[in-house]
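Residue numbers (my numbering), protein chains in the order written: chain E, 256 to 504; chain S, 74 to 275; chain X, 74 to 275.
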Amino acid sequence: MDGLTIAEIPITDLLEETWEGILQRLTVDMDPWDIDIVELAHRYRDYVDALRELHFEISGRMVLTCSILLRMQSDDLLASARPTDRSELIDELEGAIEEEAAQWEAPEEPEEFALPLFRRPRRQVTIFDLRRAFTAAMKVSFRRGKRHAQRVEEEEDDLFDDFELGGPDFGQRLHSLFTKIKNLLRGHRVISFFRLLERGDKDERVSYFFEVLHLAAQGEIACQQEEFLGDITIMLPQEALPREALPQE
Amino acid sequence: MYDRQESDLEHDQALVEAALFLSPEPLTRHKLARIIGGASLAYVERILAQIEDEFRLDAHGIELHVEDGKSMFQVKRAYIDAVAHLAPHQDISRPVLRSLAMIAYNHPLTQADLVKARGNKAYKHVQELLERGLIRAEEQGRTLLLYVTDEFLRYFGLSSVEEFRFHVGDLPEEPQQDTQEQEVTEDTEDRGEEASQEVDDG
Amino acid sequence: MYDRQESDLEHDQALVEAALFLSPEPLTRHKLARIIGGASLAYVERILAQIEDEFRLDAHGIELHVEDGKSMFQVKRAYIDAVAHLAPHQDISRPVLRSLAMIAYNHPLTQADLVKARGNKAYKHVQELLERGLIRAEEQGRTLLLYVTDEFLRYFGLSSVEEFRFHVGDLPEEPQQDTQEQEVTEDTEDRGEEASQEVDDG
Numbered sequence: 256m257d258g259l260t261i262a263e264i265p266i267t268d269l270l271e272e273t274w275e276g277i278l279q280r281l282t283v284d285m286d287p288w289d290i291d292i293v294e295l296a297h298r299y300r301d302y303v304d305a306l307r308e309l310h311f312e313i314s315g316r317m318v319l320t321c322s323i324l325l326r327m328q329s330d331d332l333l334a335s336a337r338p339t340d341r342s343e344l345i346d347e348l349e350g351a352i353e354e355e356a357a358q359w360e361a362p363e364e365p366e367e368f369a370l371p372l373f374r375r376p377r378r379q380v381t382i383f384d385l386r387r388a389f390t391a392a393m394k395v396s397f398r399r400g401k402r403h404a405q406r407v408e409e410e411e412d413d414l415f416d417d418f419e420l421g422g423p424d425f426g427q428r429l430h431s432l433f434t435k436i437k438n439l440l441r442g443h444r445v446i447s448f449f450r451l452l453e454r455g456d457k458d459e460r461v462s463y464f465f466e467v468l469h470l471a472a473q474g475e476i477a478c479q480q481e482e483f484l485g486d487i488t489i490m491l492p493q494e495a496l497p498r499e500a501l502p503q504e
Numbered sequence: 074m075y076d077r078q079e080s081d082l083e084h085d086q087a088l089v090e091a092a093l094f095l096s097p098e099p100l101t102r103h104k105l106a107r108i109i110g111g112a113s114l115a116y117v118e119r120i121l122a123q124i125e126d127e128f129r130l131d132a133h134g135i136e137l138h139v140e141d142g143k144s145m146f147q148v149k150r151a152y153i154d155a156v157a158h159l160a161p162h163q164d165i166s167r168p169v170l171r172s173l174a175m176i177a178y179n180h181p182l183t184q185a186d187l188v189k190a191r192g193n194k195a196y197k198h199v200q201e202l203l204e205r206g207l208i209r210a211e212e213q214g215r216t217l218l219l220y221v222t223d224e225f226l227r228y229f230g231l232s233s234v235e236e237f238r239f240h241v242g243d244l245p246e247e248p249q250q251d252t253q254e255q256e257v258t259e260d261t262e263d264r265g266e267e268a269s270q271e272v273d274d275g
Numbered sequence: 074m075y076d077r078q079e080s081d082l083e084h085d086q087a088l089v090e091a092a093l094f095l096s097p098e099p100l101t102r103h104k105l106a107r108i109i110g111g112a113s114l115a116y117v118e119r120i121l122a123q124i125e126d127e128f129r130l131d132a133h134g135i136e137l138h139v140e141d142g143k144s145m146f147q148v149k150r151a152y153i154d155a156v157a158h159l160a161p162h163q164d165i166s167r168p169v170l171r172s173l174a175m176i177a178y179n180h181p182l183t184q185a186d187l188v189k190a191r192g193n194k195a196y197k198h199v200q201e202l203l204e205r206g207l208i209r210a211e212e213q214g215r216t217l218l219l220y221v222t223d224e225f226l227r228y229f230g231l232s233s234v235e236e237f238r239f240h241v242g243d244l245p246e247e248p249q250q251d252t253q254e255q256e257v258t259e260d261t262e263d264r265g266e267e268a269s270q271e272v273d274d275g
């Protein structure tokens with residue numbers, strides 16, 4: 256609706272106007288002493304059409320205004336004929352408007368009141384609330400402590416389950432991971448740490464993370480992490496550093 | 074006969090006032106009776122009448138509103154415009170609210186009637202209210218029939234359109250105050266035995 | 074000297090009452106002066122004093138409370154337990170209240186220990202409680218030592234922190250509490266109805 260214009264005037268602007276105002280706005284680019292009735296009638300009809308399209312009520316006064324303009328338009332076109340008495344037309348228009356107003360039954364308007372003024376009453380908390388809050392806080396705190404202890408335990412288990420640091424399996428895994436990285440890097444300067452993952456779960460991430468760190472520490476690969484806990488990009492050392500800075504091994 | 078000592082009256086009146094102040098919704102006499110500690114409904118009514126009298130004084134800006142057996146405090150009409158901006162939910166402009174109120178009050182209302190009553194600017198209001206989901210529109214001939222939505226009820230914390238009518242409804246009924254009475258509005262809604270009256274306290 | 078006619082006084086008093094009733098936040102004297110229509114602060118204070126006097130009477134269940142230059146109506150402490158369940162909103166949210174309770178019980182408590190028990194959100198709670206003047210903080214090494222204040226005691230109508238510990242010691246054992254309390258959740262938000270408590274001795 257906002258985009259719609261009549262003679263470059265947004266329809267929303269015209270909606271704000273009285274019917275006289277509308278006529279004024281529609282003729283704003285015309286010489287006030289030489290109104291182009293044909294053009295005005297045309298514009299006004301466009302306006303009424305637009306309203307109809309937008310499901311807007313077209314009041315009797317609008318139709319009448321339109322019809323008067325059309326009669327003026329035909330007067331102008333048939334310049335030889337005697338022009339219609341315009342004051343008579345205005346009288347007719349005013350009469351019709353009055354009649355329309357008299358017939359209309361206004362909907363009920365809640366007097367003065369726009370909408371009820373809703374409140375959001377807040378109450379003071381009581382000593383009961385405080386007591387209850389304390390019990391609840393203690394419970395949550397206890398659960399939090401238990402969860403924390405559990406997590407630490409699990410993490411310790413994980414460490415021993417998944418990593419046999421220094422054992423032959425770990426060396427083998429490092430080797431196969433390095434081969435995998437080199438394959439993935441074929442044709443690429445860098446790869447994302449996430450490309451290494453198959454399952455993507457936490458265990459796998461942690462396991463690969465340690466292996467990647469190990470390879471980086473050995474100087475087999477270089478890693479970069481732009482932001483804390485962000486993605487890690489993996490590349491061959493020569494891609495990351497100037498040649499002279501490469502590790503010796 | 075009251076089930077209480079006269080000496081309890083002040084205490085109970087204070088308790089009812091506290092309850093009415095704190096509750097975001099109207100309270101039934103039953104609920105108030107329970108809060109007082111199992112008083113009779115007649116006793117609750119006596120207390121309410123006293124509170125009503127007290128707050129009718131000019132130095133008070135709020136008043137007791139009783140309808141359908143439910144009571145609440147509300148701002149007196151004369152002061153609404155001056156304090157309305159303090160209430161929550163004031164992110165809808167007053168003119169748009171007014172159009173919304175008319176739709177809710179007449180629910181449903183044709184767009185044509187709304188525009189006739191509120192002027193052409195109501196078209197814009199309808200647009201805004203539709204966008205906010207507070208009303209919905211159904212085609213009806215060449216105009217639209219406008220309804221408030223569940224979102225409207227949720228937004229204003231109402232359980233039904235009828236509750237809205239309760240809120241905007243009339244001032245407390247005052248059968249004994251014939252002289253002040255302006256006009257008796259016939260409300261179509263069922264309001265039980267309590268015919269309400271429009272009283273201007275301006 | 075007041076900038077108003079005596080005859081306006083009642084009207085302005087009513088206006089202030091309406092404003093205090095409607096506003097969800099305490100109102101400054103400046104704001105009230107603006108609502109009255111540009112009155113002097115002395116005049117606003119005179120009106121507030123009158124309202125305070127009026128509501129101090131025993132038949133009223135609410136009272137004017139002024140804190141930090143801001144005014145609000147609140148339920149008198151004597152009645153709050155009987156009507157608290159009606160209000161879905163508390164003026165201290167549940168999560169913040171839990172942090173406050175822990176500080177009060179351990180008085181003083183380091184912020185570090187509070188965060189360990191309550192999680193990172195406790196930093197925000199401490200901030201809010203400091204702003205409300207319910208706690209104060211002293212630096213202790215790299216953390217803060219948190220104490221409840223006299224304002225805390227006043228708010229809860231306690232004579233000492235020990236009294237709160239006494240109340241807690243009085244608690245019915247946990248299993249019993251559980252039946253009343255829906256569930257102790259990781260308090261994300263204070264959610265309306267959960268915040269309210271049915272008090273059966275009303």
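Every residue gets a Cβ at the ideal spot worked out from N, C-alpha and C, and that includes glycine.
Please read all numbers here as calculations on a predicted model, not as lab measurements.
*Mind pulling the chain X residues with CB within less than 8 Å of Glu-134 (chain S)?*
Translated into the one-based positions of the second sequence, residue 134 (chain S) becomes position 61. For clarity, residue 134 (chain S) is Gly in the given sequence; the question names Glu instead. Per Cβ cutoff of 8 Å: Gln-86, Ala-87, Leu-88, Val-89, Glu-90, Ala-91, Ala-92, Phe-94.
*Near Ile-266 (chain E), which residues of its chain fall below 6 Å by C-beta distance, leaving aside the five closest residues on each side in sequence?*
For this step, residue 266 (chain E) is matched to residue 11 along the first sequence. Result list for Ile-266 (chain E): Leu-259, Ala-305, in chain order.
*Note down, in chain order, each residue of its chain lying with its Cβ closer than 6 Å to the Cβ of His-198 (chain X), except the 5 sequence neighbours on either side.*
Reading the third sequence from its first residue, position 125 is the one you call residue 198 (chain X). Correct list, in chain order: Val-169, Ser-172.
*By how many angstroms is the C-alpha of Tyr-463 (chain E) removed from the C-alpha of Asp-456 (chain E)?*
The residue you call residue 456 (chain E) lines up with position 201 of the first sequence. The residue you call residue 463 (chain E) lines up with position 208 of the first sequence. Within the model, the alpha-carbon separation for Asp-456 (chain E) versus Tyr-463 (chain E) is close to 11 Å.
*Shorter than 8 Å from the beta carbon of Asp-131 (chain X) to some beta carbon of chain S?*
Along the third sequence, read from residue 1 onward, the residue named residue 131 (chain X) stands at position 58. Cβ-Cβ to chain S under 8 Å: yes for Asp-131 (chain X).
_Residue range of the unbroken alpha helix (DSSP H) whose run includes Phe-146 (chain S)_ = Counted from its first residue, the second sequence places residue 146 (chain S) at position 73. Looking at the DSSP string, Phe-146 (chain S) is not in any alpha helix (DSSP H); the run it does join, the beta strand (DSSP E), is 143 to 148.
*In chain X, what lies closer than 8 Å to Pro-161 (chain S) by C-beta?*
As a working mapping, residue 161 (chain S) is identified with position 88 in the second sequence. Those within 8 Å of Pro-161 (chain S) in chain X are Pro-97.
*Answer with buried or exposed for Ser-431 (chain E), where buried requires no fewer than 16 other C-beta atoms within 10 angstroms of its C-beta.*
Residue numbering aside, residue 431 (chain E) sits at position 176 when the first sequence is read from its first letter. Under this definition Ser-431 (chain E) is an exposed residue.
*asked:* Does the stretch 190 to 197 of chain S come into contact with the stretch 222 to 237 of chain S, if we say contact requires no fewer than three beta-carbon pairs (one atom in each stretch) closer than 8 Å?
replied: Contact between the stretch 190 to 197 of chain S and the stretch 222 to 237 of chain S is absent: fewer than three C-beta pairs spanning the two stretches fall below 8 Å.
*Backbone CA spacing between Glu-204 (chain X) and Asp-141 (chain X) [nearest angstrom]*: Here residue 204 (chain X) refers to the residue found at position 131 when the third sequence is read from its first residue. Here residue 141 (chain X) refers to the residue found at position 68 when the third sequence is read from its first residue. Rounded to the nearest angstrom, the two C-alpha atoms are 11 Å apart.
_Test: Arg-107 (chain X) CB closer than 8 Å to a CB of chain E_ = For the purposes of this step, residue 107 (chain X) is identified with residue 34 of the third sequence, where counting begins at 1. Residue-level contact by beta carbon fails for Arg-107 (chain X) and chain E, as no gap is shorter than 8 Å.
_Taking the straight line between their C-alpha atoms, what separation do you get for Ser-233 (chain S) and Asp-384 (chain E)?_
Residue numbering aside, residue 233 (chain S) sits at position 160 when the second sequence is read from its first letter. Residue numbering aside, residue 384 (chain E) sits at position 129 when the first sequence is read from its first letter. One C-alpha to the other measures close to 32 Å.
*Straight-line CA distance for Ala-174 (chain X) to Glu-466 (chain E)?*
Position 101 of the third sequence, counting from 1, holds the residue named residue 174 (chain X). Position 211 of the first sequence, counting from 1, holds the residue named residue 466 (chain E). So the two alpha carbons sit approximately 47 Å from each other.
*How is the alpha helix (DSSP H) around Ala-296 (chain E) delimited, first residue to last?*
Here residue 296 (chain E) corresponds to residue number 41 of the first sequence, with the count starting at 1. Per DSSP, Ala-296 (chain E) is one residue of the alpha helix (DSSP H) stretching across 292 to 308.
_Rounded to the nearest angstrom, what separates Ala-91 (chain X) and His-84 (chain X) at their Cα positions?_
What you label residue 91 (chain X) is simply residue 18 of the third sequence in a count that begins at 1. What you label residue 84 (chain X) is simply residue 11 of the third sequence in a count that begins at 1. Straight-line spacing of the CA atoms in Ala-91 (chain X) and His-84 (chain X) works out to 11 Å.
*Nearest neighbour of Asp-88 (chain X), chosen from X:Ile-109, X:Gln-213, X:Arg-129 [CA to CA]*: Numbered from 1 along the third sequence, position 15 holds the residue referred to as residue 88 (chain X). In the sequence as displayed, the identity of residue 88 (chain X) is Leu instead of Asp. When only C-alpha atoms are compared, the closest one is X:Ile-109.
_Starting from His-469 (chain E), trace the alpha helix (DSSP H) in both directions and tell me its first and last residue._
Along the first sequence, one-based indexing puts residue 469 (chain E) at 214. Looking at the DSSP string, the run of the alpha helix (DSSP H) that includes His-469 (chain E) is 457 to 472.
*Just how far apart, CA to CA, sit Pro-181 (chain S) and Leu-281 (chain E)?*
The count along the second sequence starts at 1 and reaches residue 181 (chain S) at position 108. The count along the first sequence starts at 1 and reaches residue 281 (chain E) at position 26. The alpha-carbon atoms of Pro-181 (chain S) and Leu-281 (chain E) are separated by roughly 34 Å.
*Return the chain-ordered ranges of every beta strand (DSSP E) run that is complete within the stretch 183 to 210 of chain S and spans a minimum of 3 residues.*
Whole beta strand (DSSP E) segments, 3+ residues: zero.
*Which ranges would you report for the alpha helix (DSSP H) in the stretch 87 to 162 of chain X if only whole runs of at least 4 residues count?*
Segments of the alpha helix (DSSP H) lying fully in the stretch 87 to 162 of chain X: 102 to 109, 114 to 129, 150 to 156.
*Could you check if Glu-262 (chain X) is buried or exposed, using at least 16 other CB atoms within 10 Å of its CB as the buried criterion?*
In the third sequence, the residue the question calls residue 262 (chain X) occupies position 189. Note that Glu-262 (chain X) scores a pLDDT of 38, beneath 50, so its modelled location is shaky; the value from the coordinates is reported in the next line. Burial call: exposed.
*Within 10 angstroms of its Cβ, does His-469 (chain E) collect 16 or more other Cβ (buried), or is it exposed?*
Taking the first sequence and counting its residues from 1, the one referred to as residue 469 (chain E) is at position 214. Around the C-beta of His-469 (chain E), 16 or more other C-beta atoms lie within 10 Å, and the residue is accordingly described as buried.
_Please list the terminal residues of the continuous alpha helix (DSSP H) segment that includes Ala-174 (chain S)._
If you number the second sequence from 1, residue 174 (chain S) lands on position 101. Unbroken alpha helix (DSSP H) run through Ala-174 (chain S): 167 to 179.
*Pull up the distance between the alpha-carbon of Ile-124 (chain X) and that of Gly-134 (chain S), whole angstroms please.*
Counting from one through the third sequence, the residue named residue 124 (chain X) turns up at place 51. Counting from one through the second sequence, the residue named residue 134 (chain S) turns up at place 61. Taking the straight line joining both Cα atoms gives about 11 Å.
*If contact means a Cβ-Cβ distance below 9 Å, which residues of the stretch 267 to 286 of chain E contact chain S?*
The stretch 267 to 286 of chain E vs chain S, Cβ under 9 Å: Thr-267, Leu-269, Leu-270, Glu-271, Glu-272, Thr-273.
*Can you say whether Asn-438 (chain E) is buried or exposed, counting buried as having 16 or more other CB atoms within 10 angstroms of its CB?*
Taking the first residue of the first sequence as position 1, residue 438 (chain E) is located at position 183. Counting Cβ neighbours within 10 Å, Asn-438 (chain E) comes out exposed, since fewer than 16 surround it.
*Measure the CB-CB distance between Leu-324 (chain E) and Ile-345 (chain E) and report whether it falls below 8 Å.*
Translated into positions along the first sequence, residue 324 (chain E) becomes position 69. Translated into positions along the first sequence, residue 345 (chain E) becomes position 90. Taking the C-beta atoms as reference points, Ile-345 (chain E) is found no nearer than 8 Å to Leu-324 (chain E).
_Residues of the stretch 169 to 180 of chain X with Cβ closer than 8 Å to any Cβ of chain E, in chain order_ = Those would be Leu-170, Arg-171, Ser-172, Leu-173, Ala-174, Met-175, Ala-177, Tyr-178, in chain order.
_DSSP-derived helix/strand/coil call for Asp-243 (chain S)_ = Residue 243 (chain S) sits at position 170 when you count from the first residue of the second sequence. Summary for Asp-243 (chain S): the model assigns pLDDT 47, below 50, so the residue's position carries little reliability; its value from the coordinates is reported in the next sentence. Three-state DSSP puts Asp-243 (chain S) in coil, outside helix and strand.
*May I have the straight-line CA-CA distance separating Pro-97 (chain X) from Lys-104 (chain S), to the nearest angstrom?*
Counting from one through the third sequence, the residue named residue 97 (chain X) turns up at place 24. Counting from one through the second sequence, the residue named residue 104 (chain S) turns up at place 31. Rounded to the nearest angstrom, the two C-alpha atoms are 24 Å apart.
_Contact list for Pro-265 (chain E) against chain S, beta-carbon separation under 7 Å_ = The sequence position of residue 265 (chain E) within the first sequence is 10, counting from 1. Neighbours of Pro-265 (chain E) across chain S, judged by C-beta separation under 7 Å, do not exist; the nearest C-beta is about 11 Å away.
*Backbone secondary structure at Val-283 (chain E) - three-state DSSP*: For the purposes of this step, residue 283 (chain E) is taken as residue 28 along the first sequence, with counting starting at 1. Coil.
*Are the C-beta of Pro-376 (chain E) and some C-beta of chain X separated by less than 8 Å?*
Counted from its first residue, the first sequence places residue 376 (chain E) at position 121. For Pro-376 (chain E), at least one C-beta of chain X is nearer than 8 Å to its own C-beta.
*May I ask which residues mark the beginning and end of the alpha helix (DSSP H) holding Ile-489 (chain E)?*
Along the first sequence, one-based indexing puts residue 489 (chain E) at 234. No alpha helix (DSSP H) contains Ile-489 (chain E), which is instead part of the beta strand (DSSP E) from 487 to 490.
*Return no unless some Cβ of chain X is closer than 8 Å to the Cβ of Gly-422 (chain E).*
Against the first sequence, residue 422 (chain E) aligns to sequence position 167. Confidence in Gly-422 (chain E) is poor, its pLDDT being 45 and thus under 50, which makes the residue's placement too unreliable to answer from.
*Have a look at Ala-472 (chain E) and Ile-436 (chain E) and give me their C-alpha separation to the nearest angstrom.*
Numbered from 1 along the first sequence, position 217 holds the residue referred to as residue 472 (chain E). Numbered from 1 along the first sequence, position 181 holds the residue referred to as residue 436 (chain E). Each residue's alpha carbon lies about 15 Å from the other.
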